[in-house]
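Chemist:
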Amino acid sequence: MSFWLIKSEPFKYSWDQFVADKKTYWDGVRNYAARNNLKAMKKGDLAFFYHSNEGVEIVGIAEVAKEFYQDPTTTEDAWVVVDFKPVRKLKNPVPLARVKADPRLANMALIKLSRLSVQPVTAEEWDIILELAGE
DNA sequence: GCCAACGTTGGC
DNA sequence: GCCAACGTTGGC
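Going by the working numbering, the first sequence opens with residue 179, and the numbers climb by one from there.
Here is the structure:
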């Protein structure tokens, strides 16, 4: 089982919208590194849901409900989507500044590869973030 | 196959 | 709104 982090701009697709939908497919990925991460996801994997631009914080946890398949929003077969369903909101959202302030998280992709929209999270990082969220 | 130009993302 | 980082494109 692996851990991930997926980014969304709240004005495009927010956590609240995600919860209201109960399930969504993660479309719009047009970057090969992010695409490869989508393809590596297995059903049951967990992902942090991150709000970029506004909020700039990790707000909740999502679970992979269905593994990758052709992106229905394009006919180009290079692109795929993954279905996610919401698991729960974090007790306290973890802002990027908090992640940056923790030396244990200095190597997180969120910091090192800040523009990557779908990124892996290690088990250690996962636990530390949960701790920072007050869980 | 190199690299400059350009476009996009995303933090601040 | 600015700008740094970085991915992609296209000329050679």
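Each residue gets a CB set at the ideal place from its N, CA and C atoms; glycine is no exception. All figures in this text were calculated on a predicted structure; none of them were measured in a lab.
With DSSP collapsed to three states, give me the class of Phe189.
Modeler: Three-state DSSP puts Phe189 in coil, outside helix and strand.
Chemist: Hey, quick one: how far does the beta strand (DSSP E) through Asn270 stretch, first residue to last?
Modeler: Looking at the DSSP string, the run of the beta strand (DSSP E) that includes Asn270 is Val258 to Pro273.
Chemist: Taking 8 Å as the cut-off, does the segment 259-269 touch the segment 188-207 (at least 3 CB pairs, one atom from each stretch)?
Modeler: Because the criterion of three Cβ pairs below 8 Å is met, the segment 188-207 and the segment 259-269 touch.
Chemist: Rounding to the nearest angstrom, what Cα-Cα distance links Trp257 and Tyr203 in this structure?
Modeler: Taking the straight line joining both Cα atoms gives about 13 Å.
Chemist: Report yes or no: do the segment 225-232 and the segment 246-256 share at least 3 C-beta pairs separated by less than 8 Å?
Modeler: Too few Cβ pairs lie closer than 8 Å, so no.
Chemist: Are Pro188 and Gly222 touching if we call contact CB-CB under 8 Å?
Modeler: Cβ atoms of Pro188 and Gly222: not closer than 8 Å.
Chemist: Are the CB atoms of Lys244 and Val260 nearer to each other than 8 Å?
Modeler: Their beta carbons are under 8 Å apart, which means Lys244 touches Val260 by this criterion.
Chemist: Hey, out of Leu308, Arg208 and Pro250, whose CA is closest to Val296's CA?
Modeler: Ranking the options by Cα distance to Val296, first place goes to Arg208.
Chemist: Could you give the DSSP three-state label for Pro281: helix, strand or coil?
Modeler: Helix, per DSSP.
Chemist: Could you check the C-alpha separation between Arg276 and Trp304 for me, to the nearest Å?
Modeler: Computed Cα separation, rounded: 14 Å.
Chemist: Assuming the contact rule is C-beta atoms closer than 8 Å, Lys220 and Glu241 should be a hit. Round their C-beta distance to whole Å, please.
Modeler: Their Cβ separation, rounded to whole angstroms, is 11 Å, which puts Lys220 and Glu241 out of contact at 8 Å.
Chemist: Within 10 angstroms of its Cβ, does Met179 collect 16 or more other Cβ (buried), or is it exposed?
Modeler: Exposed: under 16 other Cβ atoms inside 10 Å.
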